[in-house]
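> For reference, the structure I am asking about is given below.
Numbering (UniProt numbering), first residue to last: 1 to 418.
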């Protein structure tokens, strides 16, 4: 990075729209519809600091980009705009090259992603559900007697992280400090330095890897170390951090967005105290209509090409508009009827760089368990504020609530033995 001066405009994109502001935070679906109408399936945008990029809005276009790694690659070092990126650029943690599976390509990506997939495949989903039930009960026990809670802070955020920690085999004694540091490294936590927090997380993962290298057990870390791909300790450390991070924030918002839907939509609210099919329907509807990962940065063009009627130049950055693609009328002309049992959404992306199998299944086990245990324990739970007062977090990348305050009849009994 030779020039720390951020871009102030984009001569090639005179009509580019800044990818920021409250329009993305509160009513993104309406904004995506307007952008699609004005720009088509690929829109010129400006990232933080006026850095130009493309937002891929069309379902077929997102499918094309994610399915053509040789043309739209993942290694961000291909970007031609690095000279315009300042060292404190807000998006640097997401696009700055790291030696993790997220930025690998071709055979190297298949080697690393294959090891992750097979390690995750070894997770017994019945054991995972049982573990999540116990954790959910413990979390709910902490607030059940008060008659009120913030379901984001008290349930949705900690449960996926605790599940991920269990899957990789981290000892329970380190859980509390690790949760704090992981949360701080992934998000803003007042009074905690995110860089120092990330370093502590990395140190703990390195210690875990060293332990499992000398004495493997039945966990994801051990299976990655024993995989025929022959991953180095450093590769396992980097990829475990990616796995834990990917499990936490999206799954937490999937839980929160699902609870919000069920507490505000009469189609689901009327079955809160009985039906179980509605939980699965709500989880699927959220992935289509309010997906946790709204936009993902990104892909970089390997050579000049055409996409959605736009001329894409070598080194251009493309942002995957996953939420916009899910509501593309070209593939969902009957979107008003709801998604039903359709699972062809883009919420877990597509292609070689999609969430590795069986990560989406594991995330659903975690999310479904959180919702079902809450409704079992507190069947009369209701919002503590009008639905219109719920505040979405100020992010164009993730879709999640700042808080989900609820009220219920206090319960002083601890969770059942499961």
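Heads up, the beta-carbon is just placed ideally off N, CA and C, and yes, glycines get one too.
Note the first and the last residue of the continuous beta strand (DSSP E) segment covering residue 300.
Here the beta strand (DSSP E) through residue 300 covers 296-301.
> What residue range is occupied by the uninterrupted beta strand (DSSP E) comprising residue 132?
No beta strand (DSSP E) holds residue 132; the alpha helix (DSSP H) holding it covers 125-144.
> Could you spell out where the alpha helix (DSSP H) holding residue 44 opens and where it closes?
Unbroken run through residue 44 is the beta strand (DSSP E), 42-47; no alpha helix (DSSP H).
> Nearest to residue 499 by alpha carbon, out of 170, 279, 243 and 81?
The question about residue 499 has no answer here: the residues shown for the chain are numbered 1 through 418.
> With DSSP as the reference, label residue 267 as helix, strand or coil.
Correct three-state label for residue 267: helix.
> Per the contact definition of three or more C-beta pairs closer than 8 Å, is the stretch 385-398 in contact with the stretch 21-31?
Touching, per the Cβ criterion.
> Report all residues from its chain with a CB closer than 6 Å to the CB of residue 45; omit the five preceding and five following residues, and keep chain order.
Cβ neighbours of residue 45 beyond the five flanking positions: 16, 17, 19, 53 and 55.
> From the DSSP output, which residues share a beta bridge with residue 401?
Answer is 392, bridged to residue 401.
> If you measure between the beta carbons of residue 231 and residue 170, is that distance less than 8 Å?
Contact flag unset, no.
> Note down the Cα distance separating residue 64 from residue 161, rounded to an integer number of angstroms.
Looking at the two C-alpha atoms, the distance is approximately 32 Å.
> Helix, strand or coil for residue 288, going by three-state DSSP, please let me know.
Three-state DSSP puts residue 288 in a helix.
> Taking the straight line between their C-alpha atoms, what separation do you get for residue 235 and residue 96?
So the two alpha carbons sit approximately 17 Å from each other.
> Is DSSP giving residue 250 helix, strand or coil here?
Correct three-state label for residue 250: helix.
> Using CA atoms only, rank isn't needed, just tell me which of 383, 397, 401 and 374 is closest to residue 142.
The option with the nearest alpha carbon to residue 142 is 374.
> Who are the Cβ neighbours of residue 358 in its own chain at under 7 Å, not counting the five residues just before and after it?
Result list for residue 358: 120 and 121, in chain order.
> Of all the options 110, 355, 378 and 370, which has the alpha carbon lying nearest to the alpha carbon of residue 228?
Nearest of 110, 355, 378 and 370 to residue 228, Cα basis: 110.
> Given this structure, state the Cα-to-Cα distance separating residue 146 from residue 402, to the nearest angstrom.
Going from the Cα of residue 146 to the Cα of residue 402 covers about 21 Å.
> Can you give me the start and stop residues for the beta strand (DSSP E) that residue 53 sits inside?
Where residue 53 is concerned, the enclosing beta strand (DSSP E) stretches over 51-56.
> Which of the three DSSP states is assigned to residue 18 in this structure?
In the structure shown, residue 18 sits in a strand (DSSP, three-state: E or B).
> Of the choices 306, 36 and 302, whose alpha-carbon is the least far from that of residue 314?
Residue 314 has its Cα closest to that of 302, out of 306, 36 and 302.
> How would you write the range of the beta strand (DSSP E) that residue 148 sits in, first residue to last?
Residue 148 -> beta strand (DSSP E) spans 148-150.
> Quick one: using the 10 Å Cβ neighbour count with 16 as the cut-off for buried, is residue 275 buried or exposed?
Interpretation of residue 275 is limited by its pLDDT of 49, a score under 50 that renders its predicted location unreliable; the figure taken from the coordinates is listed afterwards. Burial call: exposed.
> Contact check, residue 378 vs residue 144 under 8 Å by CB: the rounded distance?
With 8 Å as the limit, residue 378 and residue 144 qualify as a contact, their Cβ atoms being about 7 Å apart.
> Output the distance between the C-alpha atoms of residue 376 and residue 360, rounded to the nearest integer angstrom.
Taking the straight line joining both Cα atoms gives about 24 Å.
> Run through DSSP, which three-state label would residue 229 get?
Coil at residue 229, not helix or strand.
> So which of 408, 238, 137 and 286 has the shortest CA-CA distance to residue 345?
Residue 286 is the option with its Cα nearest to residue 345.
> Please report the straight-line C-alpha distance between residue 253 and residue 288, rounded to a whole angstrom.
Those two C-alpha atoms are separated by around 14 Å.
> Does the count of Cβ pairs from the stretch 123-135 and the stretch 89-106 closer than 8 Å reach three?
Short answer: they don't touch.
> Give me the Cα-Cα distance between residue 386 and residue 127, rounded to the nearest whole angstrom.
For residue 386 and residue 127, the distance between alpha carbons rounds to 38 Å.
> Which residues mark the beginning and the end of the beta strand (DSSP E) in which residue 319 is found?
Start and end: 317-320.
> Rank 34, 181 and 62 by C-alpha distance to the C-alpha of residue 353 and give the top, closest one.
Out of 34, 181 and 62, 62 has the C-alpha closest to the C-alpha of residue 353.
> What are the partner residues of residue 312, as DSSP defines its beta bridges?
In the DSSP output, where bridge partners are listed per residue, residue 312 has 305.
> If you drop the 5 nearest sequence neighbours on each side, which residues of the same chain put their C-beta closer than 8 Å to that of residue 412?
Closer than 8 Å at the Cβ level, and outside the excluded window around residue 412, lie 144 and 145.
> So the alpha helix (DSSP H) residue 203 belongs to, where does it begin and stop?
Per DSSP, residue 203 belongs to the alpha helix (DSSP H) from 194-214.
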